[in-house]
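Residue numbers (our numbering): 24 to 152. Backbone N, C-alpha and C fix where the C-beta goes; we use that ideal spot for every residue, glycine too. I have placed the structure first, in the form of C-alpha coordinates, so that the comments after it can refer back to it.
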Amino acid sequence: GFRPTVQIMALLARPNKPGIKFSGRLVEGTSFTIASFPGIYETEWNQLTQHIMNVSCACVFFPDRLENGQPHPLFGQHEIPCSCVELYGKVVEWGCFWYLEWRVNVQRAACYKMKNIIVYKEGQRGLED
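What follows is the structure in C-alpha coordinates.
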(Lines of atoms letter the chains of each structure in order from A and count residues from 1; the text may use other names and numbers.)
(Lines give C-alpha, C1' and ligand atoms only; values in the text may rest on other atoms or scores of the structure.)
Protein backbone atom coordinates (compact mmCIF):
# COMPACT_ATOMS: atom_id res chain seq x y z
CA GLY A 1 0.00 0.00 0.00
CA PHE A 2 0.84 3.67 -0.09
CA ARG A 3 3.36 4.76 2.58
CA PRO A 4 4.31 8.43 2.63
CA THR A 5 7.80 9.65 3.48
CA VAL A 6 7.53 11.14 6.94
CA GLN A 7 9.62 13.79 8.62
CA ILE A 8 8.97 14.28 12.32
CA MET A 9 8.18 17.65 13.90
CA ALA A 10 7.21 18.23 17.53
CA LEU A 11 4.77 20.92 18.61
CA LEU A 12 4.64 22.35 22.11
CA ALA A 13 1.34 24.14 22.57
CA ARG A 14 -1.73 24.30 24.77
CA PRO A 15 -4.66 22.09 23.74
CA ASN A 16 -7.93 23.77 22.68
CA LYS A 17 -11.40 22.43 21.89
CA PRO A 18 -11.47 21.47 18.19
CA GLY A 19 -13.93 23.23 15.88
CA ILE A 20 -11.78 23.34 12.77
CA LYS A 21 -13.13 23.19 9.22
CA PHE A 22 -10.49 22.44 6.59
CA SER A 23 -10.37 20.23 3.47
CA GLY A 24 -6.67 20.52 2.64
CA ARG A 25 -4.57 22.89 0.55
CA LEU A 26 -1.85 22.00 -1.95
CA VAL A 27 0.57 24.81 -2.81
CA GLU A 28 2.55 23.91 -5.91
CA GLY A 29 6.28 24.52 -5.64
CA THR A 30 6.49 23.80 -1.91
CA SER A 31 8.74 20.99 -0.70
CA PHE A 32 6.54 19.70 2.14
CA THR A 33 2.98 19.37 3.33
CA ILE A 34 1.60 19.26 6.85
CA ALA A 35 0.18 15.72 6.64
CA SER A 36 -1.03 15.41 10.23
CA PHE A 37 -1.84 17.97 12.90
CA PRO A 38 -3.63 17.35 16.24
CA GLY A 39 -7.04 19.03 16.16
CA ILE A 40 -6.75 19.94 19.84
CA TYR A 41 -4.30 22.70 18.80
CA GLU A 42 -7.01 24.73 17.08
CA THR A 43 -5.45 28.16 17.78
CA GLU A 44 -2.10 27.14 16.32
CA TRP A 45 -3.80 25.47 13.34
CA ASN A 46 -5.75 28.66 12.58
CA GLN A 47 -2.56 30.72 12.79
CA LEU A 48 -0.84 28.36 10.37
CA THR A 49 -3.63 28.05 7.80
CA GLN A 50 -5.15 31.54 7.92
CA HIS A 51 -2.00 33.66 8.15
CA ILE A 52 0.59 31.64 6.23
CA MET A 53 -1.00 30.97 2.85
CA ASN A 54 2.03 29.37 1.16
CA VAL A 55 2.00 26.21 3.31
CA SER A 56 0.60 22.97 1.91
CA CYS A 57 -1.63 21.05 4.31
CA ALA A 58 -3.10 17.61 3.61
CA CYS A 59 -5.10 17.67 6.84
CA VAL A 60 -8.89 17.36 6.82
CA PHE A 61 -11.10 18.55 9.67
CA PHE A 62 -14.89 18.55 9.89
CA PRO A 63 -16.24 20.66 12.77
CA ASP A 64 -18.78 19.19 15.19
CA ARG A 65 -21.34 21.83 14.23
CA LEU A 66 -22.14 24.35 11.51
CA GLU A 67 -22.14 28.08 12.29
CA ASN A 68 -25.93 27.92 12.82
CA GLY A 69 -25.44 25.32 15.58
CA GLN A 70 -26.74 22.38 13.56
CA PRO A 71 -24.59 19.23 13.45
CA HIS A 72 -22.09 19.19 10.56
CA PRO A 73 -23.34 16.58 8.05
CA LEU A 74 -19.90 14.91 7.71
CA PHE A 75 -18.92 14.88 11.39
CA GLY A 76 -19.50 11.40 12.75
CA GLN A 77 -19.83 9.78 9.32
CA HIS A 78 -17.88 6.66 8.43
CA GLU A 79 -16.22 5.32 5.31
CA ILE A 80 -17.55 2.12 3.79
CA PRO A 81 -15.92 -0.04 4.98
CA CYS A 82 -15.28 1.84 8.21
CA SER A 83 -11.61 2.67 8.95
CA CYS A 84 -12.10 3.57 12.62
CA VAL A 85 -10.63 0.34 14.00
CA GLU A 86 -7.55 0.71 11.75
CA LEU A 87 -7.10 4.33 12.85
CA TYR A 88 -8.19 4.33 16.48
CA GLY A 89 -8.56 0.69 17.55
CA LYS A 90 -12.33 1.14 17.94
CA VAL A 91 -15.29 2.92 16.35
CA VAL A 92 -15.24 6.60 17.39
CA GLU A 93 -18.03 9.18 17.55
CA TRP A 94 -16.33 11.68 15.20
CA GLY A 95 -16.10 9.05 12.48
CA CYS A 96 -13.54 8.25 9.82
CA PHE A 97 -15.02 9.86 6.70
CA TRP A 98 -12.32 12.55 6.89
CA TYR A 99 -9.75 9.79 6.21
CA LEU A 100 -10.94 9.33 2.62
CA GLU A 101 -10.25 12.99 1.77
CA TRP A 102 -6.97 12.96 3.70
CA ARG A 103 -5.60 9.98 1.75
CA VAL A 104 -6.32 11.76 -1.55
CA ASN A 105 -4.58 14.92 -0.28
CA VAL A 106 -1.48 12.98 0.86
CA GLN A 107 -1.29 11.12 -2.46
CA ARG A 108 -1.54 14.40 -4.41
CA ALA A 109 1.32 15.80 -2.32
CA ALA A 110 3.35 12.66 -3.10
CA CYS A 111 2.84 13.29 -6.83
CA TYR A 112 4.57 16.65 -6.28
CA LYS A 113 7.31 14.85 -4.30
CA MET A 114 6.50 16.78 -1.13
CA LYS A 115 7.75 15.47 2.20
CA ASN A 116 5.09 14.90 4.83
CA ILE A 117 5.38 16.74 8.13
CA ILE A 118 3.67 15.07 11.08
CA VAL A 119 2.85 17.30 14.04
CA TYR A 120 2.40 15.37 17.29
CA LYS A 121 0.65 16.17 20.54
CA GLU A 122 3.11 17.33 23.16
CA GLY A 123 4.95 14.34 24.60
CA GLN A 124 3.81 11.95 21.87
CA ARG A 125 6.57 12.34 19.30
CA GLY A 126 6.74 9.30 17.03
CA LEU A 127 9.55 7.58 15.21
CA GLU A 128 10.89 8.71 11.85
CA ASP A 129 9.79 6.48 8.96
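| query | Does the beta-carbon of Ser59 have 16 or more other beta-carbons within 10 angstroms, so that it is buried, or is it exposed? | reply | Only buried fits Ser59, as 16 or more other CB atoms lie within 10 angstroms of its CB.
| said: I need the straight-line Cα distance from Glu65 to Gln130, nearest angstrom please. | reply: Straight-line measurement puts the Cα of Gln130 at about 24 Å from the Cα of Glu65.
| Three-way DSSP call (helix, strand, coil) for Arg148 in this model | Looking at Arg148 - three-state DSSP - the assignment turns out to be coil, as it is neither helix nor strand.
| query | What's the gap between the Cα of Ala81 and the Cα of Asn69? | reply | Approximately 14 Å between the Cα atoms of the pair.
| Taking C-alpha atoms, which residue in Ile57, Trp121, Leu97 lies nearest to Thr79? | According to the sequence as given, residue 79 is Ser; it is not Thr. Check the Cα spacing between Ser79 and each of Ile57, Trp121, Leu97: the tightest is with Ile57.
| task | Indicate whether Leu97 and Phe84 have their beta-carbon atoms separated by less than 7 Å. | result | The answer is no: Cβ separation not under 7 Å.
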